[in-house]
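Quick note on numbering: the sequence shown equals residues 685 to 798 in the numbering used here.
Where is the CB? At the ideal position from N, CA and C, for every residue including glycine.
Just so it is clear, the structure is predicted and the values come from calculations on it, not from any experiment.
Take a look at the structure below.
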Amino acid sequence: RVPCQVMVVKYNSDDGLIVTSLKFDSTIIPMVVNNAEFFLLLGVNVGISAAYHMRVFRPEEYGCTLPWHLTSTTGGLMTFFVVFYNSNCFARYNDLYAVTKEMMGAILELASSL
């Protein structure tokens, strides 16, 4: 069984604002960037945006009337948070599954000893 990992934030109060804001080692960013799903969704986003700007993809033909300039920032944030949420859900599920299998083994061992 793999124990749950705890993220410890190492903070030095002597560091300035810029140095502190550019540190990634105690954040979720390395976990997100190491996930293939992040790059898949980023590629889909870039591909659709490029097709739109090259006039290959015309949203009005598909009933998409939302102005694209309104979705650039929110689309990037949504991609980041979907990958983060999905990764955390599966990590919690795997931890719960391992604990449940251990409980099942302990119950079967107890029942067989009775």
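N- and C-terminal bounds of the alpha helix (DSSP H) containing residue i
i	result
Y746	Element bounds for Y746: n/a, residue is neither H nor E.
K785	756-797
M715	713-717
S733	720-737
Option nearest residue i by Cα separation, candidates the options
i	options	result
V766	L726, D709, G747	L726
N817	E793, I791, T763	Residue coverage of the chain in this structure runs from 685 to 798, which leaves residue 817 outside it and unanswerable.
Assigned secondary structure, residue i (DSSP; H/G/I helix, E/B strand, else coil)
i	result
P751	coil
S697	coil
V740	coil
**OP:** Take every Cβ of the stretch 747-756, pair it with every Cβ of the stretch 699-719, and state whether three or more of those distances are shorter than 8 Å.
**Re:** Result no; under three Cβ-Cβ pairs closer than 8 Å.
**OP:** Could you say if the stretch 711-731 and the stretch 761-779 meet the contact criterion of at least three C-beta pairs nearer than 8 Å?
**Re:** The stretch 711-731, when compared against the stretch 761-779, does touch it at the 8 Å Cβ threshold.
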